[in-house]
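Visitor:
In the numbering used here, the protein residues as written are 31 to 291.
(1) Please classify residue 177: does DSSP put it in a helix, a strand, or coil?
(2) For the stretch 74–91 and the stretch 108–116, state whether three or more C-beta atom pairs, one from each stretch, are separated by less than 8 Å.
(3) Tell me the DSSP secondary structure of residue 58 in three-state form.
(4) Below 7 Å CB to CB, which residues in the same chain sit around residue 211 once its five sequence neighbours on both sides are set aside?
(5) Tell me whether residue 281 is buried or exposed, calling it buried when 16 or more other Cβ atoms sit within 10 Å of its Cβ.
(6) To which residues of the same chain is residue 61 closer than 7 Å at the C-beta, ignoring the five residues directly before and after it?
(7) Tell me whether residue 51 is buried or exposed, calling it buried when 16 or more other Cβ atoms sit within 10 Å of its Cβ.
(8) Should the stretch 222–231 be regarded as contacting the stretch 144–163, the criterion being three or more beta carbon pairs within less than 8 Å?
(9) Ordered along the chain, which non-local residues of its own chain (more than five positions away) have a Cβ less than 7 Å from that of residue 241?
(10) Confirm, please, whether the CB-CB distance from residue 188 to residue 169 is below 8 Å.
(11) Excluding sequence positions up to five away, which residues of its chain have a Cβ less than 8 Å from the Cβ of residue 134?
(12) Looking at the structure shown, is residue 289 part of a helix, part of a strand, or coil, going by DSSP?
(13) Give the straight-line distance between the Cα atoms of residue 180 and residue 208, rounded to the nearest whole angstrom.
(14) Check whether the Cβ atoms of residue 147 and residue 89 sit closer than 8 Å, and answer yes or no.
(15) So, for residue 215: in the same chain, excluding its five sequence neighbours on each side, which residues have a beta-carbon less than 6 Å away from its beta-carbon?
(16) Please report the straight-line C-alpha distance between residue 118 and residue 249, rounded to a whole angstrom.
(17) What are the start and end residues of the alpha helix (DSSP H) that includes residue 251?
(18) Exposed or buried, what is residue 213 when buried is set at 16 or more other beta-carbons lying within 10 Å of its beta-carbon?
(19) Alpha helix (DSSP H) containing residue 239: first to last residue?
(20) Figure out for me which residue from 278, 56, 268 has the closest Cα to the Cα of residue 223.
(21) Taking 6 Å as the limit between beta carbons, can you name the residues of its chain near residue 100, skipping five residues before and five after?
(22) Just the Cα atoms here: how many angstroms apart are residue 59 and residue 149?
The structure is reproduced here in structure tokens:
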């Protein structure tokens with residue numbers, strides 16, 4: 031009698047199921063179709079962006095007195111005009127959305143939180159490097175905003191802002207390497223690093239979660255902060271700078287941030 035065949039059963043591992051794509055948040059174009067909370071947060075975003083654009087114009091306008099040459103005066107004058115144009119674009123969007131003028135709210139905020147002014151050409155370069163770069167990273171989180179007019183304005187601003195912080199970075203590195211600013215460079219760096227990081231808001235807040243869920247912004251501030259830090263690390267190393275202890279910055283920072291150089 032022939033031996034019984036032993037049938038070998040092969041097991042094929044099923045591929046892990048792909049995660050379902052997150053449904054895209056509903057887009058809005060009109061005020062009437064929005065939930066109240068969405069509308070309130072959107073108005074707050076507009077006021078904050080208008081404040082930032084006008085604050086930058088004030089900062090760079092005041093700094094003209096420290097610019098060392100006509101070439102740089104021409105560049106900074108153009109930069110100031112661009113910041114004003116961005117403010118006008120946000121103010122126009124706010125008026126069309128609310129029927130009101132944003133300027134009184136911006137002036138009130140500027141009075142309560144005046145923009146810090148710079149005292150030297152070196153500090154101006156640091157402000158362009160870190161304050162402008164913080165704003166650049168922050169704005170990119172809104173370039174797919176579920177309120178389409180805001181998305182359109184942000185995309186225009188981001189495209190025009192791209193070169194500012196890169197120029198500031200080059201000047202900062204050059205001046206740091208010169209040795210002429212060794213006594214002040216770390217203090218100036220830490221002052222403007224904090225202001226750059228403040229652009230992103232509080233990580234893991236309930237408001238940030240709502241903004242992400244509704245498509246007003248893309249990611250939590252903690253992730254944007256890390257991208258910002260990683261982006262500036264090469265210049266920090268090249269300039270002989272160092273990141274301060276996070277607690278010395280006196281702000282709400284996630285413990286997960288990687289500060290290594």
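The beta carbon of each residue, even a glycine, is placed where N, CA and C say it ideally should be.
Every value quoted in this text rests on a predicted model; they were computed, and no experiment measured them.
Guide: Short version:
(1) Working through the chain shown from its first residue, we reach residue 177 at position 147. In this structure, residue 177 counts as strand in the three-state DSSP scheme.
(2) yes
(3) Taking the chain shown and counting its residues from 1, the one referred to as residue 58 is at position 28. Residue 58: strand per DSSP, three-state reduction.
(4) Numbered from 1 along the chain shown, position 181 holds the residue referred to as residue 211. Around residue 211: 152, 205.
(5) As a position in the chain shown, residue 281 is number 251, starting the count at 1. Burial call: exposed.
(6) By 1-based counting over the chain shown, the position of residue 61 is 31. So the list reads 69, 127, once near-sequence residues are dropped.
(7) Counting from one through the chain shown, the residue named residue 51 turns up at place 21. Only weak support exists for where residue 51 lies, its pLDDT of 46 falling under 50; the value from the coordinates is given anyway. Exposed, since its Cβ has fewer than 16 Cβ neighbours within 10 Å.
(8) yes
(9) Indexing the chain shown from 1 puts residue 241 at position 211. Excluding positions up to five away in sequence, the list reads 71, 247.
(10) By 1-based counting over the chain shown, the position of residue 169 is 139. By 1-based counting over the chain shown, the position of residue 188 is 158. In this structure, residue 188 lies closer than 8 Å to residue 169 by Cβ.
(11) Position 104 of the chain shown holds residue 134. Counting only Cβ-Cβ distances below 8 Å, and skipping sequence neighbours, we find nothing.
(12) Residue numbering aside, residue 289 sits at position 259 when the chain shown is read from its first letter. Correct three-state label for residue 289: coil.
(13) Along the chain shown, one-based indexing puts residue 180 at 150. Along the chain shown, one-based indexing puts residue 208 at 178. The straight-line gap from Cα to Cα measures roughly 42 Å.
(14) Within the chain shown, numbered from 1, the residue matching residue 147 stands at position 117. Within the chain shown, numbered from 1, the residue matching residue 89 stands at position 59. It is a contact, given that the beta carbons lie within the stated cut-off.
(15) In the chain shown, residue 215 corresponds to position 185, counting from 1. By the criterion of a C-beta distance shorter than 6 Å, residue 215 is surrounded in its chain by 206, once the five residues flanking it on both sides are discounted.
(16) Numbered from 1 along the chain shown, position 88 holds the residue referred to as residue 118. Numbered from 1 along the chain shown, position 219 holds the residue referred to as residue 249. Near 27 Å, if we compare the C-alpha coordinates of residue 249 and residue 118.
(17) Numbered from 1 along the chain shown, position 221 holds the residue referred to as residue 251. Residues 251–268.
(18) As a first step, residue 213 must be located in the chain shown, where it is residue number 183. Residue 213 comes out exposed.
(19) Locating residue 239 in the chain shown gives position 209, where the first residue counts as 1. Run containing residue 239: 236–243, per the alpha helix (DSSP H) assignment.
(20) The sequence position of residue 223 within the chain shown is 193, counting from 1. Cα-wise, what sits closest to residue 223 is 278.
(21) Counting from one through the chain shown, the residue named residue 100 turns up at place 70. So no residue of the chain qualifies.
(22) Against the chain shown, residue 59 aligns to sequence position 29. Against the chain shown, residue 149 aligns to sequence position 119. Residue 59 and residue 149: Cα-Cα distance of roughly 43 Å.
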